[in-house]
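Student: Handing you this structure, nothing more for now.
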Amino acid sequence: MTTLLAGPGGRPDAKHAAARPGRFRGMWNASPLTYLTLIVALVLSIFPIYWMIIVATRTNSVVADVPPPLLPGAHGPDNVGRLFDNPEAYFAKGLLNSALASAAVTISTVFFASLAGFAFAKLRFRGKSALLLTIIATMMIPVQMGIIPLYMIMVKLGWTGQLQAVIVPFLVTGFGVFMMRQYADQAVPDELIEAARVDGCTTFGIYWRVVLPALRPAAGVLGLFTFMQTWNEFMWPLAVLQPDNPTVQLSINNLANAYFKDYTLMFAGTSVAILPLLIVFIIFGRQIIGGIMEGAVKA
Amino acid sequence: MTTDLRPSRNGPPPPPPAKARPRPARTWRTRLARLDVKGAPYAFISPFYIVFLIFGAFPLVYTLWVSLHDWELASGTRKFIGLDNYDYLLTDADFWHATVNTLGIFAVSTIPQLLIALLVANALNRRMRLPTMFRIGMVAPLVTSTAAVAIVFTQMFDTNWGMINWVIGLVGIDPIHWSSSRGWSWIAIAMMVDWRWTGYNALIYLAAMQAIPKDLYEAAAIDGASRIRQFWQITVPMLRPTIIFTVIISTIGGLQLFTEPVLFSVGTPNKMDGGPMHQFQTITMYMYDNAFGHDRYGYGATVAWALFVMIIVFSLINFLAVRRTGGTK
Numbered sequence: 011m012t013t014l015l016a017g018p019g020g021r022p023d024a025k026h027a028a029a030r031p032g033r034f035r036g037m038w039n040a041s042p043l044t045y046l047t048l049i050v051a052l053v054l055s056i057f058p059i060y061w062m063i064i065v066a067t068r069t070n071s072v073v074a075d076v077p078p079p080l081l082p083g084a085h086g087p088d089n090v091g092r093l094f095d096n097p098e099a100y101f102a103k104g105l106l107n108s109a110l111a112s113a114a115v116t117i118s119t120v121f122f123a124s125l126a127g128f129a130f131a132k133l134r135f136r137g138k139s140a141l142l143l144t145i146i147a148t149m150m151i152p153v154q155m156g157i158i159p160l161y162m163i164m165v166k167l168g169w170t171g172q173l174q175a176v177i178v179p180f181l182v183t184g185f186g187v188f189m190m191r192q193y194a195d196q197a198v199p200d201e202l203i204e205a206a207r208v209d210g211c212t213t214f215g216i217y218w219r220v221v222l223p224a225l226r227p228a229a230g231v232l233g234l235f236t237f238m239q240t241w242n243e244f245m246w247p248l249a250v251l252q253p254d255n256p257t258v259q260l261s262i263n264n265l266a267n268a269y270f271k272d273y274t275l276m277f278a279g280t281s282v283a284i285l286p287l288l289i290v291f292i293i294f295g296r297q298i299i300g301g302i303m304e305g306a307v308k309a
Numbered sequence: 017m018t019t020d021l022r023p024s025r026n027g028p029p030p031p032p033p034a035k036a037r038p039r040p041a042r043t044w045r046t047r048l049a050r051l052d053v054k055g056a057p058y059a060f061i062s063p064f065y066i067v068f069l070i071f072g073a074f075p076l077v078y079t080l081w082v083s084l085h086d087w088e089l090a091s092g093t094r095k096f097i098g099l100d101n102y103d104y105l106l107t108d109a110d111f112w113h114a115t116v117n118t119l120g121i122f123a124v125s126t127i128p129q130l131l132i133a134l135l136v137a138n139a140l141n142r143r144m145r146l147p148t149m150f151r152i153g154m155v156a157p158l159v160t161s162t163a164a165v166a167i168v169f170t171q172m173f174d175t176n177w178g179m180i181n182w183v184i185g186l187v188g189i190d191p192i193h194w195s196s197s198r199g200w201s202w203i204a205i206a207m208m209v210d211w212r213w214t215g216y217n218a219l220i221y222l223a224a225m226q227a228i229p230k231d232l233y234e235a236a237a238i239d240g241a242s243r244i245r246q247f248w249q250i251t252v253p254m255l256r257p258t259i260i261f262t263v264i265i266s267t268i269g270g271l272q273l274f275t276e277p278v279l280f281s282v283g284t285p286n287k288m289d290g291g292p293m294h295q296f297q298t299i300t301m302y303m304y305d306n307a308f309g310h311d312r313y314g315y316g317a318t319v320a321w322a323l324f325v326m327i328i329v330f331s332l333i334n335f336l337a338v339r340r341t342g343g344t345k
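Those sequence lines, one after another, are chains V and E. If you count by my numbering, then the first sequence holds residues 11 to 309, one letter each, in order. If you count by my numbering, then the second sequence holds residues 17 to 345, one letter each, in order.
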């Protein structure tokens, strides 16, 4: 909670800190023992992902090999082909569904959260502080706690088994609103908003032309984390969707149910399922670290 | 835009615009502008409240209502039974078994996780080559999909073919039946959790460590304190609020543990059982199995509400603890 409260407000300080490495970069040079610790930690972090890719590119005999192979084989395309041909996994559909759901939830969360964050940071209206407090309170409530009535709502709406069931309930989060409020509070000068208003801008026009561009860094981090979270979601899709119309996580679950001895097939599935996340990670690794270190991630 | 602003702030107010405009048009415009100023904030925040009320607040409260019923969706049974479900919960050995599992997995995962995270953060807090590479490496696990990685780990923990038994075999330890023994299955699941979250916690600690004033260390060094002593007597105490925060966050996450144990049950008839002896069934799996597996939505809601109360208690402890220590950085 409080790390969240520190929020993106810490950003300018962090920038100054980078300019003065003496103070913030630690006191001493790393010793060989430090490097050893870090290299061991790094290898342990990366190894399972690496091993997954190795198995995905080999044949099933790989699990019996002693010692286990540490280099990729030549069967990657084969395994991925078997994955998409597999009738029980609905893998292509799972990928498409996950892409659609993650994109929809991400765009909507960033849009609505920045809109509300702007209102809470910069506009005056009755009941503002009480409403903001309720938003902070909602961040403490795990969505899964209401999963049973949520499922009943989906039954009533006739949405069970349909993709909107994993999109609509997550269109905006209290966490997103709060994070954008914290950022907007210090990233958008009041003078700029006043000037735009004097020029005859509507409130939405101010948001669109002045505030949203200023919020871009925070919106990017929120978008990244929202995308990863939606892509990663397992329990709610498992409850509300059917095996024949899955998200990608349910596709690999289908594989694990039916083919749990076919390791190369399963590992090809898990590799493809985390591919978009790995791409996001390789491109935006620094922003993700920045987000975590500023406390922008909720566990 | 900004050039217009300056005279209006420093000099006299600008002349009222559009004096020549016909009257009716002007009131229409002002009214619209006032509506915009008054109404826009509410319009901007309303999407969150609409979504939250329908899909967040209502289900949470309704869970309580459902838990007072014998409620089956498939058969259409819906009977008000008051607190009977709660009565049953208190004496339900399966629920308490799942609670012990959940807390057990939590304990064997969180303690090493946070200790290792502290050590790694302390190492990352040095001046070094390639700091970004090390930091990025630490969060790679967080960015992968839980379900995918749980499948990979489950294979690695396989009794006959798993890499982990092969590695411990190299040093002469007999193969461990990871999934069949209660204690070992907890440890296997804890390792999946730790693999994912240690780097995240390390980065949180690193951020807090960077805020500790350097003078403290300088003073301690002048007094002749060793680095290990500085770590335990300066770094750890200064990080206390952050440590409390991570403990509570891990607790909330740990209480809801679901994906890893479900996928660790690979190849068993009911994946929500947590093994044939329910040896690693968590509370969330038990709730899920009651509602979606056995059509006992009423009792499932009771379990959910019990879990929610546990989470609230821990959140309150968090709030009070952090308040008492004066907040984190």
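Note that CB positions come from ideal geometry on N, CA and C, so glycine has one too. Note that the coordinates shown come from a computational prediction; the quantities given were computed from them, not determined experimentally.
Where does R68(V) sit, in a helix, a strand or coil, going by DSSP?
Tutor: Of the three classes helix, strand and coil, the one that applies to R68(V) here is coil, per DSSP.
Student: Can you name the start and end residues of the beta strand (DSSP E) that D86(E) belongs to?
Tutor: Residues H85 to W87.
Student: Looking at the unbroken beta strand (DSSP E) that takes in F111(E), where does it start and where does it end?
Tutor: Where F111(E) is concerned, there is no enclosing beta strand (DSSP E), although the alpha helix (DSSP H) it sits in stretches over A109 to L140.
Student: Take R145(E) as the anchor and find which of D254(V), Y45(V), F237(V) and R296(V) has the nearest alpha-carbon.
Tutor: Out of D254(V), Y45(V), F237(V) and R296(V), Y45(V) has the C-alpha closest to the C-alpha of R145(E).
Student: Skipping 5 residues on each side, what residues in its chain have a beta carbon closer than 7 Å to that of W241(V)?
Tutor: Correct list, in chain order: S108, S112, P286 and L287.
Student: Across which residues does DSSP place N39(V) in a beta bridge pair?
Tutor: According to DSSP, N39(V) bridges with R143(E).
Student: Looking at chain E, is there any beta carbon in it that lies within less than 9 Å of the beta carbon of V182(V)?
Tutor: Closer than 9 Å to some Cβ of chain E, the Cβ of V182(V) qualifies, so yes.
Student: Spell out whether any CB of chain E is found under 9 Å from the CB atom of P82(V).
Tutor: It does not; no Cβ of chain E falls within 9 Å.
Student: Using a C-beta to C-beta distance shorter than 7 Å, which residues of chain E count as neighbours of I299(V)?
Tutor: What I299(V) touches in chain E: R151, I152, V155 and L219.
Student: K95(E) by DSSP, collapsed to three states: which one?
Tutor: Strand, per DSSP.
Student: Could you confirm whether any beta carbon from chain E is found closer than 9 Å to the beta carbon of P78(V)?
Tutor: Yes, P78(V) lies at the interface with chain E (some Cβ there is under 9 Å from its Cβ).
Student: What's the gap between the Cα of Y313(E) and the Cα of W112(E)?
Tutor: For Y313(E) and W112(E), the distance between alpha carbons rounds to 19 Å.
Student: Quick one: give me the first and last residue of the alpha helix (DSSP H) that N217(E) is part of.
Tutor: Counting along the chain, the alpha helix (DSSP H) containing N217(E) begins and ends at R198 to M225.
Student: Please classify W81(E) as buried or exposed, where buried requires at least 16 other C-beta atoms within 10 Å of its C-beta.
Tutor: Exposed.
Student: Is there contact here, the region 251–260 of chain V with the region 221–236 of chain V, by at least three beta-carbon pairs under 8 Å?
Tutor: These segments do not touch.
Student: Could you tell me whether the region 189–208 of chain V touches the region 75–93 of chain V, using the rule of 3 or more Cβ pairs below 8 Å?
Tutor: Verdict: no, contact absent.
Student: In the structure shown, what three-state DSSP assignment does A105(V) receive?
Tutor: Checking the displayed sequence, the identity of residue 105(V) turns out to be Leu instead of Ala. The answer is helix: DSSP assigns L105(V) an H, G or I state.
Student: Over what stretch of residues does the alpha helix (DSSP H) that includes Y304(E) continue unbroken?
Tutor: Counting along the chain, the alpha helix (DSSP H) containing Y304(E) begins and ends at I299 to Y304.
Student: Check each candidate in A156(E), S62(E), G240(E) and G55(E) and name the one with the smallest Cα separation from L181(V).
Tutor: Here the closest residue by C-alpha is S62(E).
Student: Taking Cβ positions only, does R50(E) come closer than 9 Å to chain V?
Tutor: By this cut-off, R50(E) is not an interface position.
Student: State buried or exposed for I238(E), treating a residue as buried only when at least 16 other CB atoms are found within 10 Å of its CB.
Tutor: I238(E) should be labelled exposed.
Student: Mind listing which residues of the region 249–281 of chain V have their C-beta closer than 9 Å to chain E's C-betas, in chain order?
Tutor: So the close ones are A249, V258, Q259, L260, I262, N263, L265, A266, N267, F270, K271, Y273, M276, F277, G279, T280 and S281.
Student: List, in chain order, every chain V residue whose beta-carbon is nearer than 7 Å to that of S195(E).
Tutor: Ordered by position in chain V, no residue passes the 7 Å Cβ test against S195(E), which lies about 12 Å from the chain.
Student: Spell out a yes or no on whether the region 167–180 of chain E and the region 239–250 of chain E are touching, meaning 3 or more CB-CB pairs, one atom from each, closer than 8 Å.
Tutor: The answer is no - the region 239–250 of chain E does not touch the region 167–180 of chain E, with fewer than three Cβ pairs under 8 Å.
Student: In whole angstroms, give me the CA-to-CA distance for G36(V) and N217(E).
Tutor: Only weak support exists for where G36(V) lies, its pLDDT of 47 falling under 50; the value from the coordinates is given anyway. Those two C-alpha atoms are separated by around 18 Å.
Student: Could you confirm whether any beta carbon from chain V is found closer than 9 Å to the beta carbon of G240(E)?
Tutor: By this cut-off, G240(E) is not an interface position.
Student: At the 9 Å Cβ level, is W218(V) part of the contact set with chain E, yes or no?
Tutor: So no, W218(V) is outside the interface.
Student: Is there at least one Cβ from chain V nearer than 9 Å to T93(E)'s Cβ?
Tutor: It does not: the Cβ of T93(E) has no partner Cβ on chain V nearer than 9 Å.
Student: Which residues in the same chain have their Cβ closer than 8 Å to the Cβ of L84(E), if we skip the five residues on either side of it in sequence?
Tutor: Excluding positions up to five away in sequence, the list reads F96, I97, G98, L99, N101 and G314.
Student: Is the Cβ of S125(E) closer than 9 Å to any Cβ of chain V?
Tutor: Not one chain V Cβ lies under 9 Å of S125(E).
Student: Give a yes or no on whether the C-beta atoms belonging to Y302(E) and M293(E) are separated by under 9 Å.
Tutor: No, the Cβ-Cβ distance between Y302(E) and M293(E) is not below 9 Å.
Student: Along the alpha helix (DSSP H) that carries N286(E), what are the first and last residues, could you check?
Tutor: Taken as a continuous stretch (DSSP letters only), N286(E) belongs to no alpha helix (DSSP H), as it is neither H nor E.
Student: According to DSSP, is N101(E) part of a helix, a strand, or is it coil?
Tutor: Three-state DSSP puts N101(E) in a helix.
Student: So, with DSSP's three-state summary, where would you put D95(V)?
Tutor: Correct three-state label for D95(V): helix.
Student: Does R92(V) get closer than 9 Å to chain E when you measure Cβ to Cβ?
Tutor: It does not: the Cβ of R92(V) has no partner Cβ on chain E nearer than 9 Å.
Student: Sort V325(E), I180(E), L69(E) and G290(E) by Cα distance to L160(V) and report the nearest one.
Tutor: It is L69(E) whose Cα lies nearest to the Cα of L160(V).
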